[in-house]
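Enquirer: Quick one: structure below, then a few questions.
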């Protein structure tokens, strides 16, 4: 018969407390944009600056913009 051990309980507690779920990460990062605009024949790229939380997520993922 198998019961909850302390290690199993600790792992379950950590999973419940986690902040960065897959859906949360996608929602947070989809607001970062890179657009190319053309004004009077001159092209320019506009890149939004990630906020602090987005920077943290990108760092955890090992992604550099």
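Numbering (our numbering), first residue to last: 4 to 68.
All C-beta atoms in this analysis are idealised placements derived from N, C-alpha and C, irrespective of residue type, glycine included.
Computed from a predicted model, the values in this text were never measured in an experiment.
1. Bridge partners of residue 49, per DSSP?
2. Looking at residue 35: is its Cβ nearer than 8 Å to the Cβ of residue 24?
3. Using a Cβ-Cβ cut-off of 8 Å (strictly less than) and excluding sequence neighbours within five positions of residue 57, which residues of its own chain qualify?
4. How big is the Cα-Cα spacing for residue 55 and residue 26?
5. Do residue 67 and residue 49 count as a contact pair if the criterion is CB distance below 8 Å?
6. Does the separation of the CB atoms of residue 61 and residue 53 fall below 8 Å?
Expert: Looking at the coordinates:
1. Locating residue 49 in the chain shown gives position 46, counting from the first residue. Its beta-bridge partners are 38.
2. By 1-based counting over the chain shown, the position of residue 35 is 32. By 1-based counting over the chain shown, the position of residue 24 is 21. Contact flag unset, no.
3. Counting from one through the chain shown, the residue named residue 57 turns up at place 54. The residues are 31, 32, 34 and 35.
4. On the chain shown, residue 55 is found 52 positions in, with the first residue counted as 1. On the chain shown, residue 26 is found 23 positions in, with the first residue counted as 1. Rounded to the nearest angstrom, the two C-alpha atoms are 18 Å apart.
5. For the purposes of this step, residue 49 is taken as residue 46 along the chain shown, with counting starting at 1. For the purposes of this step, residue 67 is taken as residue 64 along the chain shown, with counting starting at 1. No, these two residues do not count as a Cβ contact at 8 Å.
6. Stepping through the chain shown from its first residue, residue 61 is reached at position 58. Stepping through the chain shown from its first residue, residue 53 is reached at position 50. For residue 61 and residue 53, yes; Cβs fall inside 8 Å.
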